[in-house]
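Residue numbers (our numbering): 625 to 702. C-beta: ideal position from N, C-alpha, C; glycine also. Nothing here was measured: the structure is a model prediction, and the numbers come from that model. The structure appears below as structure tokens.
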Ligand SMILES: [Ca+2]
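This is the structure:
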């Protein structure tokens, strides 16, 4: 798991560096001039939105599972 995070982190840094270079060279547009290309910002927004949706779904699912349901008490052992 640590390796996966390291690989993703490395990829993010590489993409970030390429992005900054591409913006500086004028290959990619950058509407807010923060050095991160618009295409990448849009992609990151999409991914963040998707992840938030997934997190919400998981939270809802957990709530459903952990919610106490009336009339579903465990039978007492004899
Ligand atoms: Ca930007």
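Asked: Mind the definition here: the region 674-692 touches the region 653-665 only if three or more C-beta pairs lie below 8 Å; say whether that holds.; Found: no
Asked: Please report the straight-line C-alpha distance between residue 661 and residue 634, rounded to a whole angstrom.; Found: 18 Å
Asked: So what does DSSP say about residue 678, is it helix, strand or coil?; Found: helix
Asked: What separation, rounded to the nearest whole angstrom, lies between the Cα atoms of residue 677 and residue 702?; Found: 45 Å
Asked: Here's the rule I'm using: 16 or more other beta-carbon atoms within 10 Å means buried, otherwise exposed. How should residue 643 be labelled?; Found: buried
Asked: If you run the structure through DSSP and keep just helix, strand and coil, what is residue 652?; Found: coil
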